[in-house]
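Structure first, commentary second.
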Amino acid sequence: MSTSLTFLGGASEVGRLGTLLENDDGQILIDYGLKPDNPPQFPMPAPNVDSLLLTHAHLDHSGLTPSIASSGTPICSTPLTIRLAEVLAKDTLKISQQEGYQEPFTKGAIAEQNTNHFSHKLKKEYYHSGFSYRSLNAGHIPGAVMYHFPELDFLFTGDINTVNTGLTKAAKPVSCKTIAIESTYAGRDHEARSEIESHFTDSVEDVINRGGQVVLPAFALGRSQELLMLLRKLDAEIWLDGMGREIANIFSRYPRDLRNSGLYFDTLKRTKIVRSWRQRDHAARGDVIVTTAGMLEGGPVMHYLSKIRKDENSAMFITGYQAEGTNGRTLLDTGKARLDRNKASPHFDIDCQIEKFDLSGHAGHSQLIDFIDKCQPENVILFHGENREDLAKDLGDYKVHLPMEGSPLKLDS
Ligand SMILES: [Zn+2]
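For the sequence shown, full-length UniProt numbering assigns the number 1 to the initial residue and increments by one for each residue that follows.
Spelled out as structure tokens, the structure:
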């Protein structure tokens, strides 16, 4: 039977992934996301597929799930992923209304996403719309999976991390003939995770010891909770603010998706949660505040930044990716930042300590090669990357494909 794979988005770029898998018996989508740009960008329109398999709940993978669900299409994922995708979808609607963008789906479509949901258990084999598959831990964020299609001898990684983090266990290689693997970090390697983590916690401790406060702008989903896990051993008053609060609660309802749920619950117990505006002033006097938005484009972090910006004893540590043109990127490049979300506002000098720590949830260049080597495939399909050629040139032993959006690739067992 002839099978083809077509990227509707997210092949040659990071963001708005949509992958169409077709054979004579059916059509399925793997992920259908959006790029949260200004305005948001979407993949090519999807045909009326039989089902949508979600790897994980990040906007660039799950952001348009409601628009697929609204035509009655089953959405397949782990139970945790669909809960998280729902929170993100509601936030997308809110931002669309605030910014005056056209809403990509209705509130009703978010409800349909839940009604039409089909839950996966890890490692169990399922059959849908002409494809049998199983989902396997991807190590990227809690609930994230890779998809393995045994009949095709094909592995689709979604986003993967191949080292343990506080929240997640490393993804394990799977023997396969063809692997489609993300390439976010093509051409770039991470320092050893344990070294970055100890440099980070030591730096936080230094600031506290000198009487300052540490503000940690962080993405709500995964990074906020990960930072809390890293800091749990410190004798410090640690606060959590922003959308990370809701996500932290959801994680605690799915302990099996966490690497060590005992440590996670212990971490949450030690964390003070900001529950009202008045509490923001208490939090602003604490030692550490973990809060959204991760790229300093609005949210409670702006309040805390205004409080510490002139205090040289205090610090803002950036631990996530800062896209070109964002307030966070400007701060790293120039030492100046806006203090509110309005793009037209002036930039102010930020005198507190600013430092960046690379705590990525994606495998680095050498880790991707190592993972591929252990899967022992014949064919390697690189997607989700802006520098895929850098990775391709180090994969001389394999038949490497760099598909472009909209061009089908034959995938036969
Ligand atoms: Zn992701």
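Idealized CB from N, CA, C, for every residue including glycine.
Residue pairing of Thr178 in beta bridges, as defined by DSSP: Phe154, Asn379. In this structure, the C-beta of Asp159 approaches ligand 1 to less than 7 Å from one of its heavy atoms. Per DSSP, His303 is one residue of the alpha helix (DSSP H) stretching across 301-308.
Relative to ligand 1, His58 has its C-beta within less than 7 Å of a heavy atom. Within the stretch 309-387, the complete beta strand (DSSP E) runs of at least 3 residues fall at 315-318, 353-356, 379-383. Looking at the DSSP output, Ile30 sits in a beta bridge with Thr19, Leu53. If the five residues before and after Lys374 are omitted, its C-beta is found closer than 7 Å to the C-beta atoms of Pro173, all from its own chain and listed in chain order.
If you draw a straight line from the Cα of Val204 to the Cα of His56, it is about 30 Å long. In the structure shown, the three-state DSSP call for Met229 is helix. A distance below 8 Å separates the beta carbons of Phe7 and Gly18. With a threshold of 7 Å, the Cβ atom of His140 counts as near ligand 1, since some heavy atom of the ligand is closer than that.
Per DSSP, Tyr127 lies in no alpha helix (DSSP H) segment; the continuous beta strand (DSSP E) that holds it begins and ends at 125-128. Using a cutoff of 7 Å, the CB of His61 counts as near ligand 1, since one of the ligand's heavy atoms is closer than that. Three or more beta-carbon pairs drawn from the stretch 211-223 and the stretch 286-306 are found closer than 8 Å, and the two stretches are therefore classed as touching.
The beta carbon of Leu230 lies closer than 7 Å to those of Gly166, Glu197, Phe200, Thr201 in the same chain, with the five residues before and after it left out. Around the beta carbon of Met302, 16 or more other beta carbons sit within 10 angstroms, so the residue counts as buried.
Taking Leu411 as the centre and dropping the five residues before and after it, the same chain places the C-beta of Thr3, Ser4, Leu5, Leu152, Phe154, Thr178 closer than 7 Å to its C-beta, in chain order. Where Tyr133 is concerned, the enclosing beta strand (DSSP E) starts and stops at 131-137. In this structure the stretch 372-389 does not lie against the stretch 324-338, because fewer than three pairs of beta carbons, one per stretch, are closer than 8 Å. For Gly9, the enclosing beta strand (DSSP E) starts and ends at 4-9.
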